[in-house]
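Just so we're aligned: 511 in my numbering is position 274 of the sequence shown, and the numbers increase by one with no gaps anywhere. Below is one structure, written out as structure tokens; comments come after it.
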Amino acid sequence: MGRWGLAGAALAVAVTVALVLGAGSDVYAVLGYPDPGAPTKLGVNLLRLVFDLAGAGCLGGLVFAALFTVPQRGGMISPDGYAALRTAGTAAWLWGAAGLLLSVFDAADSAGQSVTDNLTPGGWLGLLEALDVPKAWLLSASLALVLGIACRSTLRWRTTLVLTALAGLTLLPPVLVGHAATNGGHDFASDGMAFHVVAAALWLGTLFAVIAHARRRGPNPEIVARRYRRLAAACWGVLAISGVISSVVLVPPGRWLGEYGSLVLYKVGLLLLVGLVSVPLRRRITRSAPDRYRGMLRLAGAELALLLVTMGISMGMAHVPPPNLLDRDATASDLLIGYDLPDFPSAWQLATQWRFDLLFGTAAVVLAVLYALGVRRLRAHGQRWPVGRTASWLAGCLALLVATSSGVGSYAPVTFGVHMTAHLLLNMLGPALLVLGTPVNLCLRALPRAGRGEPYGPREWLLGVVDSPVARWLSHPVLASSLLVGSLYALYPTGLFQLVMQEHWAHTIMNVYFLGSGWLWFWSVLGVDRTPRRVPQLARLGVTLGMMPALAFFGVLVLSMSEPIAENYYRTLDLSWSVDLMTAQQAGALIGWLGGEVPMLLVLIVLLRQWHREEGDDDDADYEGMFARLESTRS
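Okay, structure coming up:
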């Protein structure tokens with residue numbers, strides 16, 4: 238790690254200890270339970286520091302192996318990638334061990350009890366059943382241990398892409414049930430903290446991997462330095478934006494001079510220092526340093542020290558409850574969905590009551606911009622791209638934005654009729670329009686190929702995903718249909734929908750599933766974009782015709798239900814206005830039924846046109862063949 242890194246680690250530990258001990262027992266008194274004692278408090282926060290460092294090391298090693306090294310023939314990782322993968326595996330074991338210990342220490346800390354009083358299986362299991370945060374640590378620990386096993390057993394580049402995504406997800410469970418997930422604005426705060434934590438781990442972990450690469454004087458220093466510079470700059474931007482959003486929610490106006498607000502300002506200052514100093518130095522090293530390894534190590538050491546001190550401040554902030562957590566005036570809807578809706582969902586409110594969704598709204602804007610840049614690149618090279626495809630893609634992005642960030646998205650959690658409208662946009666109309674934009678074909682034409690002997694670029698990463706066995710399996714029309722329709726019957730007629738709506742993270746996963754399953758179905762059935770398998774035309778028509786009665790029967794099933802879906806959840810919201818639950822449910826059933834048939838008819842039209850075109854091509858080919866045979870007989 239070097240002298241700078243060791244100094245930064247020591248400062249991080251010192252800052253964590255000072256902030257935890259300096260907070261005293263006031264935090265626990267405000268929250269209403271006793272001080273668990275210094276060993277428990279220090280244990281929790283120092284284990285969090287280990288957990289975050291190990292998680293960053295695992296994620297960074299996987300990112301380096303997947304995106305910074307040159308795969309060998311047959312899709313095997315290179316020796317340099319193998320070294321990074323082994324480091325990621327070691328970090329994953331430490332990550333899992335820290336998570337397991339945190340499930341014990343955090344349970345005791347959250348209950349205001351000494352950890353020594355809860356070392357018995359009975360005491361720990363009792364707290365684990367009652368508290369959410371220890372469950373999150375246990376889930377992350379389990380996933381980290383799976384990563385440790387996988388990193389030891391895999392040698393293929395494509396597998397490292399899957400493990401990289403899994404490592405990013407492993408970071409999230411403790412974040413999604415922590416301080417940011419409570420009280421008003423927790424939808425903004427939770428999503429902002431999720432972006433924040435992943436960006437910080439990605440930056441710090443990749444920095445670990447770059448330092449290790451420079452120490453062993455690995456190949457392609459120019460490419461490694463250039464890619465790290467771009468990644469670090471992107472992470473710095475995400476950290477800045479997400480940190481501002483989360484801080485504004487967690488620290489109300491007039492509370493910035495308190496303990497939590499002061500820590501936020503210190504952290505912001507350090508991040509600004511890293512950005513202002515490191516960005517120009519990285520560019521200078523990338524372009525002109527005669528000994529790139531020495532320059533990389535010097536810069537990386539100083540940057541690592543600053544990042545570690547920033548992480549120490551974050552550990553102290555985790556021990557101090559944000560002012561927003563202590564807000565006693567929060568309404569029931571603030572606690573459940575993060576905001577209040579004082580007005581009835583009229584057409585005007587649905588059109589004007591916008592609340593930007595940090596995950597889906599950002600995705601809609603970024604996808605639209607990237608698509609436009611791809612089209613622009615094609616035109617710059619003298620290639621044409623159909624206007625209809627561009628219009629379809631942008632309309633799909635708009636559908637995603639409306640479903641999650643407009644008044645439709647705002648009111649979707651509080652009334653079933655609006656929820657089904659958002660569901661239709663996310664699960665049917667939006668994916669259909671996005672697939673008709675043929676984004677995979679656009680990327681394959683617009684993105685440059687990686688040079689010989691260079692690490693793979695975005696084009697190769699996309700092909701690695703699209704042509705993978707997992708994508709081939711998921712894109713089978715029968716499986717895609719089961720995922721699309723099965724979710725309707727598994728979610729709404731059962732009690733699962735009520736459980737999902739009570740937690741922001743579960744609601745987000747539900748929306749991701751809606752969008753993903755809809756994309757898979759239209760991607761596999763429409764056949765207009767690059768897919769891992771080619772499905773016969775007749776089979777695609779049969780699958781589409783089979784979907785229509787399945788959707789209709791679901792609408793009839795919901796219409797015939799005698800009890801409201803998620804009745805307890807809707808009544809717990811305690812809104813100032815009311816909607817008859819059964820009336821809203823029947824409206825939602827009709828919206829889902831009739832609205833779901835429209836995309837199916839769109840698919841039928843597209844498939845019939847394709848079939849007619851293919852039949853015409855076959856007839857032309859037969860005619861030309863017959864004409865050629867006649868000419869040959871005459872001669």
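Idealized CB from N, CA, C, for every residue including glycine.
Here the alpha carbons of A255 and G349 stand approximately 20 angstroms from one another. 8 angstroms or more divides the Cβ of G297 from the Cβ of L409. L587 is positioned such that its CB atom lies no closer than 8 angstroms to that of G633.
The shortest CA-to-CA distance from G294 to any of D811, A436 and P579 is the one to A436.
As the crow flies, the alpha-carbon of Q739 is around 44 angstroms from that of I448. The beta carbon of Y503 is closer than 8 angstroms to those of I550 in its chain, skipping five residues each way along the sequence. L339 and P371 have their C-alpha atoms some 7 angstroms from each other.
Per the Cβ contact rule, the segment 839-849 is in contact with the segment 757-771 (3 or more Cβ pairs under 8 angstroms). Under the Cβ criterion (8 angstroms, minimum of three pairs), the segment 784-798 counts as touching the segment 711-729. Of the residues assessed, D704 falls on the exposed side of the cut-off, its CB having fewer than 16 other CB atoms within 10 angstroms. For D343, the uninterrupted alpha helix (DSSP H) run begins and ends at P316 to A348, by DSSP.
Burial is judged here by how many other beta carbons sit within 10 angstroms of a residue's own beta carbon; M313 has fewer than 16 and is exposed. Around the Cβ of P411, a 10 Å sphere holds 16 or more other Cβ atoms; the residue is buried.
Under the three-state reduction of DSSP output, R453 falls in the coil class, being neither helix nor strand. Annotation: G753 to M552 spans about 35 angstroms, alpha carbon to alpha carbon.
In this structure, A303 keeps its C-beta atom at 8 angstroms or more from the C-beta atom of T391. Rounded to whole angstroms, the separation of the alpha carbons of A600 and V461 is 27 angstroms. For R770, the three-state secondary structure derived from DSSP is coil. In this structure, DSSP gives M313 an extended state, which the three-state scheme calls strand. In the three-state scheme derived from DSSP, where H, G and I count as helix and E and B as strand, R682 is classed as helix. By DSSP's assignment, R393 forms a beta bridge with M313.
In the structure shown, V765 adopts coil according to DSSP, grouped into three states. Rounded to whole angstroms, R689 and V307 show a C-alpha spacing of 9 angstroms.
Look at I460 here: in three-state DSSP terms it is helix.
Excluding residues up to 5 positions away in sequence, L662, L666, G667 and L670 lie with their Cβ nearer than 7 angstroms to the Cβ of A636 in the same chain.
Annotated three-state conformation of A803 is coil, per DSSP. In terms of CA proximity to S483, M430 leads the group A628, M430, S315 and V816. Between S377 and the set C388, A344, D346 and A335, the nearest pair of CA atoms involves A335.
Shortest Cα-Cα distance from L322 to any of S813, V399 and R466 involves V399.
According to the DSSP assignment, T599 belongs to the alpha helix (DSSP H) that extends over F597 to A617.
Of the residues assessed, I828 falls on the buried side of the cut-off, its CB having 16 or more other CB atoms within 10 angstroms. Between the beta-carbon of L631 and that of G598 there is about 15 angstroms, and that puts the pair past the 8 angstroms contact cut.
Non-local C-beta neighbours of T809 in its own chain, meaning closer than 7 angstroms and more than five positions away in sequence, comprise A569 and L573, ordered along the chain. The count of Cβ pairs closer than 8 angstroms, one atom from the segment 772-788 and one from the segment 810-822, stays below three, leaving the stretches out of contact. Closest option to L337, judged by alpha-carbon separation, among V475, S315 and W361: W361. In this structure A291 does not touch A246 by the C-beta definition: roughly 13 angstroms separates them, more than the 8 angstroms allowed.
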